[in-house]
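Following this note's numbering, the numbering of the sequence shown begins with 59 at its first residue and continues without gaps. For glycine and all other residues, C-beta sits at the position ideal for the given N, C-alpha and C. See structure below.
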Amino acid sequence: MEPAHVWSECSARLQDELPSEEFTSWIGPLQAGLRDGVLVVLAPNTYVLDWVSKSYRNQIAGIVEGMGADSGVDRIEFEVGELDARSPAAPLKAGRRDTPRRRHSRYSGSDLNPGYNFDSFVVGKNNRIAAAAARHVAEAHGESYSPLLLYGDVGLGKTHLMQAVGKEIMLRRPDVMVRYLTSHRFVNDMVEALKRGSMGEMTNGYREVGVLLIDDIQFFGEKMRSQEEFFHVFNSLQESGSQIVLTSDRYPSEIEGLEERLKSRFAGGMTAEMGHPDIETRAAILCKKAEHSGVSLSKDVAFYVAERIRSNVRELEGALHRVIANGTPVTRETVDDALGDLFARRVRQLSVEEIQKVVATYYNLKRSDLLAPRRTRTVARPRQIAMYLAREFTNHSLLEIGTQFNGRDHSTVLHACRRVADLRKEFADVDEDCANLIRRLSK
Ligand code: ADP
Ligand code: MG
Numbered sequence: 059m060e061p062a063h064v065w066s067e068c069s070a071r072l073q074d075e076l077p078s079e080e081f082t083s084w085i086g087p088l089q090a091g092l093r094d095g096v097l098v099v100l101a102p103n104t105y106v107l108d109w110v111s112k113s114y115r116n117q118i119a120g121i122v123e124g125m126g127a128d129s130g131v132d133r134i135e136f137e138v139g140e141l142d143a144r145s146p147a148a149p150l151k152a153g154r155r156d157t158p159r160r161r162h163s164r165y166s167g168s169d170l171n172p173g174y175n176f177d178s179f180v181v182g183k184n185n186r187i188a189a190a191a192a193r194h195v196a197e198a199h200g201e202s203y204s205p206l207l208l209y210g211d212v213g214l215g216k217t218h219l220m221q222a223v224g225k226e227i228m229l230r231r232p233d234v235m236v237r238y239l240t241s242h243r244f245v246n247d248m249v250e251a252l253k254r255g256s257m258g259e260m261t262n263g264y265r266e267v268g269v270l271l272i273d274d275i276q277f278f279g280e281k282m283r284s285q286e287e288f289f290h291v292f293n294s295l296q297e298s299g300s301q302i303v304l305t306s307d308r309y310p311s312e313i314e315g316l317e318e319r320l321k322s323r324f325a326g327g328m329t330a331e332m333g334h335p336d337i338e339t340r341a342a343i344l345c346k347k348a349e350h351s352g353v354s355l356s357k358d359v360a361f362y363v364a365e366r367i368r369s370n371v372r373e374l375e376g377a378l379h380r381v382i383a384n385g386t387p388v389t390r391e392t393v394d395d396a397l398g399d400l401f402a403r404r405v406r407q408l409s410v411e412e413i414q415k416v417v418a419t420y421y422n423l424k425r426s427d428l429l430a431p432r433r434t435r436t437v438a439r440p441r442q443i444a445m446y447l448a449r450e451f452t453n454h455s456l457l458e459i460g461t462q463f464n465g466r467d468h469s470t471v472l473h474a475c476r477r478v479a480d481l482r483k484e485f486a487d488v489d490e491d492c493a494n495l496i497r498r499l500s501k
């Protein structure tokens, strides 16, 4: 097995086993390579390293053991570092240990995911304004929009883009101190500081910060004492001309339990919404992520996956992990195999009308034939099958389905469903028709 496969399989398993927040925070940022039979798990910084090696070492070892001798792994080690971006799939060479250490010192003081930069961020209609604002801030920080607020649903790239700003500034201006943390972390730090009586020290720690990135400010809601402290930190940074970047899963005025003065501060600079990516953008993201993992993914297959996974980018990425773990080269068949159950879920979001169209086409009928009152066998059976599929693959009630079949009542639909279920058991051809239709509806 190639090192990239060992890790993507391992990571796919962890994704199944861990709550998604946990997976994204701790496993998502990891990379791994193989060096003389040692699987070297690379963490972006010591903070992640300590936590991961403490919390997940056994779990990861268990998964790798489960792969058997095939994995080529005798031992597992954890280090700070990242894979060579030019040949991410290449095994790690002995003696490369120094590089990760050097990298670490450059990023010290902030926990940034090494994969989150502008190069790896795909710009589409959904994030064009946000990406442009982020670029602008990264290139001319302090003089422009502060705070920059990126808001939108989960999994749409807010953290990625925010960290890209931080990383770009670190590269351009090594003298500037960049600090990244979640509002969660700020609150925890503050609680700790209160316990130890070192509140002043904690807030002083922000004095030198030139760029402050606060992720997920919605967690400030209801945390009154933290809001108070953060308000002061925020104001003094603004006064000294530092750049502040914020993310939130909603617009500040919508955050419950957030003081008015913070709402207006948070929205007082540049705000940019991040929306859901369209299919082209989703496919482009898949290609970029695959390239990063050293796996080749054709445009055709990327669209095939992107068509089906529409929720958010995080899920899209999760799907790609699974596909890669299932083996390469990646084809439509291996995708079907790896994502079968995800696709089945997608089928459940079909509309009755879509189902009617697919069934009509399959039987060489028109959709209007299925709706019309005719009772001949050639039309009645397909109609019943369409009702049955609508019942199985939408969340509509019997009555709602009946209504969409030209006002038939619920008992007609119920009868059709029972009848088709029986026929499937009894007649292979009916069963095969249904299976074919389900396959078509999943496409
Ligand atoms: P959010 O903070 O909005 O919940 P994240 O920034 O954590 O979302 O993004 C979730 C995942 O999706 C990350 O792995 C990120 O790299 C990826 N992602 C989101 N949008 C893009 C994009 N436009 N291009 C590349 N990767 C993206
Ligand atoms: Mg985030």
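Residue i and residue j closer than 8 Å at C-beta
i	j	result
Asp491	Ile443	yes
Ala191	Ala325	no
Gly182	Thr339	yes
Asp274	Asp233	no
Leu481	Val416	no
Val363	Val393	yes
Gly213	Val381	no
Gly215	Asn185	yes
Phe81	Leu72	yes
Gly95	Asp132	yes
Gln296	Glu317	no
Gly315	Gly263	no
Lys321	Pro335	no
Gln414	Arg425	yes
Gln276	Ile313	yes
Phe289	Arg319	yes
Cβ neighbours of residue i in the same chain (closer than 7 Å, five flanking residues each side left out)
i	result
Leu423	Val437, Pro440
Ser168	In this prediction, Ser168 has a pLDDT of 48, which is less than 50 and means its spatial position is unreliable; what the coordinates show is noted afterwards. Gly224, Val236, Arg237, Tyr238.
Ile459	Val410, Met445, Ala448, Arg449, Val471
Ser300	Gly200, Val267, Gly268, Val269, Leu270
Ser178	Lys346, His350
Residues near residue i by beta carbon distance below 8 Å, same chain, minus five either side
i	result
Asp395	Asn384
Gln221	Leu170, Asn171, Tyr174, Asn175, Tyr238, Leu271
His454	Val410, Ala448, Gln462
Asn494	Tyr420
Phe361	Ile337, Ala341
Arg497	none
Ala430	Val437, Asn464
Contact test: residue i Cβ vs ligand 1 heavy atom, cutoff 7 Å
i	result
Arg390	no
Thr386	no
Ser256	no
Tyr309	no
Lys183	no
Gly352	no
Ser300	no
Gly376	no
Val478	no
Phe277	no
Ser178	yes
Ile343	yes
Arg186	no
Thr82	yes
Gly326	no
Residue i - containing alpha helix (DSSP H), residue span
i	result
Phe451	435–451
Gly120	115–124
Ser294	282–297
Val371	371–383
Ile134	Run containing Ile134: none in the alpha helix (DSSP H); it sits in the beta strand (DSSP E), 133–138.
Leu495	486–500
Tyr362	357–366
Val417	410–420
Ligand 2 heavy atom lying under 7 Å from the CB of residue i
i	result
Asp44	The chain is shown from 59 up to 501; residue 44 falls before or after that span and cannot be answered.
Lys216	yes
Thr436	no
Thr419	no
Thr470	no
Thr461	no
Thr305	yes
Same chain, Cβ closer than 6 Å to residue i, five either side skipped, listed in chain order
i	result
Met328	Ala191, Tyr203, Leu206
Ala148	Any reading at Ala148 needs caution, since the residue's pLDDT is 48, under 50, leaving its predicted position unreliable; the model's value is listed next. Excluding residues within five positions, none has a Cβ falling inside 6 Å.
Val110	Trp84, Ala101
Leu457	His468
Val303	Leu206, Met220, Val223, Leu271
Continuous beta strand (DSSP E) stretch holding residue i: start and end
i	result
Glu101	Inspection of the sequence shows that residue 101 is occupied by Ala rather than by Glu. Unbroken beta strand (DSSP E) run through Ala101: 96–101.
Ile272	269–273
Arg93	89–93
Tyr209	206–209
Problem - Completely contained beta strand (DSSP E) runs for the stretch 221–260, where each covers 3 or more residues - result: The qualifying runs are 236–240.
Handout entry: Whole runs of the alpha helix (DSSP H) within the stretch 301–342, excluding any shorter than 4 residues
Key = Correct list: 318–324.
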